[in-house]
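**Student:**
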Amino acid sequence: MAADGPAIPSATNATEATEISWRLAGPGGGGWIPSLLWDPHDAHTLYVGCDVGGFFVSKAHTP
């Protein structure tokens, strides 16, 4: 099965931090970020898991 492109965007596709939209999807806090996951079915969605802050979801990535 051929892929349409890389599952994880390259550094050349980096987005300015001010252009990224995040929403908290967990209990609050923050801290260390041990987990990052690009949605394998939606290249616009990135999940970020924090140690005490729950997790965040961004649906703003444009590949």
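Letter by letter, the sequence shown follows residues 1 to 63 in the UniProt record's numbering.
For glycine and all other residues, C-beta sits at the position ideal for the given N, C-alpha and C.
All figures in this text were calculated on a predicted structure; none of them were measured in a lab.
1. For residue 48 and residue 35, which I take to be in contact (beta-carbon distance under 8 Å), what is that distance rounded to the nearest angstrom?
2. Output the distance between the C-alpha atoms of residue 1 and residue 40, rounded to the nearest integer angstrom.
3. Roughly how many whole angstroms lie between the Cα atoms of residue 46 and residue 22?
4. Does the Cβ-Cβ distance between residue 50 and residue 38 come in under 8 Å?
5. Near residue 59, what residues of its chain come up, given a Cβ to Cβ distance below 7 Å and the 5 sequence neighbours on each side ignored?
**Tutor:** The structure says:
1. At roughly 7 Å, the Cβ-Cβ gap stays under 8 Å, so residue 48 and residue 35 are in contact.
2. Caution is warranted here: a pLDDT of 47 is assigned to residue 1, below 50, making its placement in the model unreliable, and the coordinate value is therefore given only provisionally. Distance between the alpha carbons of residue 1 and residue 40: 14 Å.
3. In a straight line, the C-alpha of residue 46 is about 9 Å away from that of residue 22.
4. Their beta carbons are not under 8 Å apart, which means residue 50 does not touch residue 38 by this criterion.
5. 44 and 45
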